[in-house]
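One structure is given here, and the rest of the page talks about it.
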Amino acid sequence: MRLVMLSIKIGGKLSGLVFFVTKALFVVITVSASAYGAVTLDRTRIIFQGDKTSINIRVANDNPEEAYLAQSWIEDLQGNKLTKGALLATPPLQRIEPNSQSLVRLSATPLLSQLPQDRESVFYFNLREIPPKSNEDNTLQIALQSRVKLFYRPASTLAESETKWPHKVTLQRIHNGYRLNNITPFNLTVIGFGNSKQQSEQSAFQVMMVSPKSTKDIISDAISKPYLTYINDYGGKPTLAFSCQGETCTVTGEQ
């Protein structure tokens, strides 16, 4: 996900109305991940494996003429900035020259041992670009912020993560749809559901993340052969096909 921050500096007379703005006005809106920005990440999700003490994330300044500052930090799922957490991003602020690349290091701290070691934990990694300051009046500066999920995957789960673990999830028919049962130690991000692969991929589905060893309900009409689209470790969007016997549906394949 990309967030857009608009910094608007206005002075003088506009549309016959005289007013002055003494502070910058910041507006934050959500846009698609394809929105153009000078500072970009090399991935759409991050997996920190439990057998590592640190990993590097590559960031790039794609602007051919101007240097940008890049600010990095980690948040919990409630959006709280973690300055003393299990994982830290360094450097918190750096300058990236035009058409250049740099690295952000994610490092484990002693607090990592306090996280569950039998299942994944989820955070957000944030990267905000800070453009050069404009010296002109009546300017509109746009700064994009990337926000991607950061998964801590404990060492005890790494072997299973190399298997087709999404195929272990099941669906249970309920009165108003289906109950998705995720018995795995991994988070499953569901982005589509329908009675065919095409409908699942194109449905106006409310994206949901099903936590490890938990269930979530999907509101839906009865479907003889459900299809479910999810996001894999590489940002791909495969679709699971289910077959139902009685009230229980199991995965028969992936498309």
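In the working numbering, the protein residues as written are 59 to 313. Even glycine gets a Cβ: it sits at the ideal position worked out from N, Cα and C.
According to DSSP, residues forming a beta bridge with residue i
| i | result |
| --- | --- |
| Tyr-126 | Ile-154 |
| Gln-256 | The partner list for Gln-256 (beta bridge, DSSP) is empty, contrary to what the question assumes. |
| Ser-179 | Tyr-210 |
| Lys-139 | Glu-133 |
| Thr-148 | Arg-163 |
| Ile-276 | Tyr-236 |
| Tyr-288 | Val-248 |
| Ile-105 | Phe-209 |
| Ile-115 | Val-162 |
| Val-227 | For Val-227, which the question treats as bridged, DSSP gives no partner whatsoever. |
Residue i, DSSP secondary structure in three states
| i | result |
| --- | --- |
| Lys-271 | coil |
| Thr-297 | strand |
| Glu-187 | strand |
| Ser-192 | coil |
| Glu-218 | helix |
| Leu-169 | helix |
| Val-85 | The predicted model places Val-85 with a pLDDT of 43, which falls under 50 and marks its position as unreliable; any figure quoted below should be read in that light. Three-state DSSP puts Val-85 in a strand. |
| Thr-306 | strand |
| Val-79 | Any answer about Val-79 is weak, because its pLDDT of 36 lies below 50 and its placement is not dependable; what the coordinates show is given next. Here Val-79 sits in coil by DSSP. |
| Gln-313 | coil |
Residues near residue i by beta carbon distance below 8 Å, same chain, minus five either side
| i | result |
| --- | --- |
| Ala-118 | Val-97, Thr-98, Asp-100, Ile-154, Ser-158, Gln-159 and Ser-160 |
| Leu-169 | Lys-142, Gly-143 and Ala-144 |
Chain-order list of residues whose beta-carbon lies under 7 Å from that of residue i (same chain, five-residue window excluded)
| i | result |
| --- | --- |
| Ile-249 | Phe-263, Val-265, Thr-287, Tyr-288, Ile-289 and Lys-295 |
| Trp-131 | Lys-139, Ala-147, Pro-150 and Asn-184 |
| Asp-371 | Within the shown structure, residues of the chain are numbered from 59 to 313, placing residue 371 beyond reach of any answer. |
| Lys-191 | none |
Residue j beta carbon less than 9 Å from that of residue i
| i | j | result |
| --- | --- | --- |
| Ile-115 | Ile-104 | yes |
| Leu-164 | Ile-241 | no |
| Cys-207 | Phe-244 | Reading the sequence as shown, one finds Lys at residue 207 and not Cys. No, the pair does not count as a contact, with Cβ atoms beyond the cut-off. |
| Asn-239 | Tyr-285 | no |
| Ala-280 | Glu-187 | no |
| Ser-269 | Thr-297 | no |
| Gly-108 | Tyr-210 | yes |
| Glu-312 | Pro-224 | yes |
| Lys-226 | Val-309 | yes |
| Gln-175 | Pro-189 | no |
For the segment 223–243 against the segment 292–311, do three or more pairs of beta-carbon atoms, one drawn from each stretch, fall closer than 8 Å, so that the two count as touching? A contact is defined here as three or more CB-CB pairs under 8 Å, and the segment 223–243 meets this definition with respect to the segment 292–311.
Are there three or more Cβ pairs, one per stretch, closer than 8 Å when the segment 267–275 is compared with the segment 188–205? Counting C-beta pairs with one atom in each stretch, the segment 267–275 and the segment 188–205 have fewer than three that are closer than 8 Å, which means they do not touch.
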